[in-house]
Amino acid sequence: MSSSPLEFLARRLSQRAPLSEDDVAAVSSLPHTVRIVHAATYLVREGEPPKPYCALVISGMAFRHKLTVLGARQIVSLHLRGDILDLQHLFLNIADHSVQALTELDVAEIDREALREVALARPAIGQALWIEGLVDASIYREWVLNVGRRDARARIAHILCEIAIRMHAAEIIEAERFQLPMTQEQLGDATGLTSVHVNRTMKALAADGLIEQAGRWISIRDWNGIRREGDFNPLYLHLDQVAPHFGRPLSALFSRRG
0 MSSSPLEFLA
10 RRLSQRAPLS
20 EDDVAAVSSL
30 PHTVRIVHAA
40 TYLVREGEPP
50 KPYCALVISG
60 MAFRHKLTVL
70 GARQIVSLHL
80 RGDILDLQHL
90 FLNIADHSVQ
100 ALTELDVAEI
110 DREALREVAL
120 ARPAIGQALW
130 IEGLVDASIY
140 REWVLNVGRR
150 DARARIAHIL
160 CEIAIRMHAA
170 EIIEAERFQL
180 PMTQEQLGDA
190 TGLTSVHVNR
200 TMKALAADGL
210 IEQAGRWISI
220 RDWNGIRREG
230 DFNPLYLHLD
240 QVAPHFGRPL
250 SALFSRRG
């Protein structure tokens with residue numbers, strides 16, 4: 000990432016909509032503070048007013064979730080470098096879900112009111128932020144399908160495919176091996192499975208030669224195989240508007256594939 004996280008944000012938004020030099024300067028000059036957020040810290044809490052800033056992820060991973068009245072948790076999306084964590088509440092008065100740090104995060108806290116003003120005053124920036132929100136909504140729809148209509152094996156395979164592709168698109172990893180900073184319980188909360196079922200499914204995927212697991216490290220051994228197993232089609236990620244540099248065929252991303 001650039002020495003200035005706001006310059007990085009300006010480049011990212013320029014990939015979603017054509018920004019003028021003045022638009023880029025307006026984004027790059029937004030008031031912000033860079034800070035470290037410890038793992039498990041809440042950045043947004045359901046039922047509370049949004050904080051006076053929107054956090055841009057510089058490094059690390061976060062997740063969105065909702066709780067039932069009995070405390071059961073459903074993780075509804077993951078977020079990594081370049082994602083804005085509270086864009087959904089930019090124009091809402093009360094948060095309808097929570098956002099929590101999965102790992103330690105470096106974030107740029109962008110003044111919420113200033114971001115709202117620049118989005119309304121500059122249509123191209125507003126369009127780019129709108130596309131950000133639309134891509135998030137597309138991911139939510141895919142996650143609903145994943146939990147509602149795929150079996151356990153496909154759910155786990157699908158989420159591993161998504162994480163690998165998004166890490167590549169964000170230029171976090173270049174090889175087929177990546178670190179999955181999620182416990183089996185958290186994977187279960189993302190896929191509607193128990194931690195025991197997650198454990199069995201991961202072992203089965205490894206036994207079939209689709210992945211290799213060493214602690215938190217996952218290696219994709221057969222990309223085409225795990226993609227088929229997970230019913231994975233990256234269309235919902237809209238990579239053409241999220242990471243235009245991501246031009247290689249998906250089958251060429253991993254050196255080991257079926």
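Reminder that position 213 of the sequence shown reads as 212 in numbering that gives the first Met the number 0, one-by-one numbering, no gaps.
Think of the CB as a built atom: it goes at the ideal place given N, C-alpha and C, for glycine as much as any other residue.
Classify H31 as buried or exposed, calling it buried when 16 or more other Cβ atoms lie within 10 Å of its own Cβ. Burial call: buried.
Look up D105 in the DSSP assignment and say whether it is helix, strand or coil. DSSP places D105 in strand when its eight states are reduced to three.
Where does A9 fall in DSSP's three states? Here A9 sits in helix by DSSP.
Can you tell which of S76, A54, V98 has the C-alpha that lies nearest to the C-alpha of I83? The candidate whose alpha carbon is nearest that of I83 is A54.
As assigned by DSSP and simplified to three states, the class of I297: Only positions 0 to 257 of the chain appear in this structure, which leaves residue 297 out of reach.
Kindly indicate the opening and closing residues of the beta strand (DSSP E) around V98. Its beta strand (DSSP E) spans residues 97 to 100.
Provide the residue span of the alpha helix (DSSP H) that contains Q185, from first to last. 183 to 190 is the span of the alpha helix (DSSP H), which, as asked, contains Q185.
What separation, rounded to the nearest whole angstrom, lies between the Cα atoms of W222 and A24? About 41 Å.
DSSP three-state call for H37: helix, strand or coil? The answer is coil: DSSP assigns H37 none of H, G, I, E or B.
Just to confirm before moving on: does the CB-CB distance between P4 and A118 stay below 7 Å? It is not a contact, given that the beta carbons lie outside the stated cut-off.
For L86 and G132, what's the separation of their Cα atoms in angstroms? Cα to Cα, the separation comes out at about 7 Å.
DSSP state of S218, grouped into three classes? For S218, the three-state secondary structure derived from DSSP is strand.
Scan the segment 38 to 71 and note each continuous beta strand (DSSP E) run of 3 residues or more that stays entirely inside, going in chain order. For the segment 38 to 71, the full-length beta strand (DSSP E) segments reaching 3 residues or more read 41 to 43, 52 to 58, 61 to 66 along the chain.
Helix, strand or coil for A156, going by three-state DSSP, please let me know. A156: helix per DSSP, three-state reduction.
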